[in-house]
Amino acid sequence: VTCQATSPALGVAVSAAHRLLVRHAPQFTAGAGALVVAREHGGVRLPLAVLAHPPVESCAWSLDGQPLLPEGSPRHRLEEGGALDIANVTRGDAGTYRVECHNAEGVASTQLRLLVH
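Counting from 1, position 53 in the sequence shown corresponds to residue 69 in my numbering; the numbering is continuous, with no gaps.
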């Protein structure tokens, strides 16, 4: 935001600029509703781009309603920013993935579909 004041009588103009940081719950900017196609035995990344202020504290993924725990899986890795990498993709990985991201202002979720050929 920039504020500017001018005084014709004094012949002076001053201005000041300030950046406003608006607090808001997570909002997805990419990946929402995406259809991702992967080859069996290959790797795939389920994309995620999320904006939030304050920053996202956590994101949790599920496949067809069943929670995924990337920390305990050698095939699943949660990337910084929330994207999910899957190694050695199988046909069992196909389905609807849901991701839910939280920050101090709220929670948001979105879905992606993975097809495996």
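Each residue gets a CB set at the ideal place from its N, CA and C atoms; glycine is no exception. As the structure is a prediction and not an experimental result, all values here were calculated from the model.
Quiz item: Are the beta-carbon atoms belonging to Val132 and Ala54 less than 7 Å from one another?
Solution: yes
Exercise. Leaving out five residues on either side along the sequence, give the residues of the same chain with a beta carbon under 6 Å from the beta carbon of Thr22.
Key: Ala29
Exercise. Take Gly97 as the anchor and find which of Pro83, Pro24 and Cys75 has the nearest alpha-carbon.
Key: Cys75
Quiz item: Under a three-way DSSP split, which group does Arg107 fall into?
Solution: helix
Quiz prompt | Per DSSP, the bridge partner or partners of Val30 | solution = Ala21
Self-check item: Of the residues Asn104, Tyr113 and Asp80, the one placed nearest Glu56, counting alpha carbons only
Solution: Asn104
Quiz item: Does the beta-carbon distance from Leu94 to Pro86 come in below 7 Å?
Solution: Result yes, Cβ atoms of Leu94 and Pro86 sit closer than 7 Å.
Self-check item: Endpoints, the beta strand (DSSP E) within which Ala69 is located
Solution: Checking the sequence, you will find His at residue 69 rather than Ala. Note, His69: beta strand (DSSP E), Ala65 to His69.
Practice problem: State the CB to CB distance for the pair Val72 and Gln43, rounded to an integer number of angstroms; the pair is presumed to be in contact (CB under 8 Å). | Solution: Wrong, their Cβ atoms sit about 10 Å apart, outside the cutoff.
Quiz prompt | Environment of Cys19 [buried if 16+ CB atoms lie within 10 Å] | solution = exposed
Quiz prompt | Given His34 as reference, the closest of Pro90, Leu26, Gln127 and Val17 once Cα atoms are compared | solution = Val17
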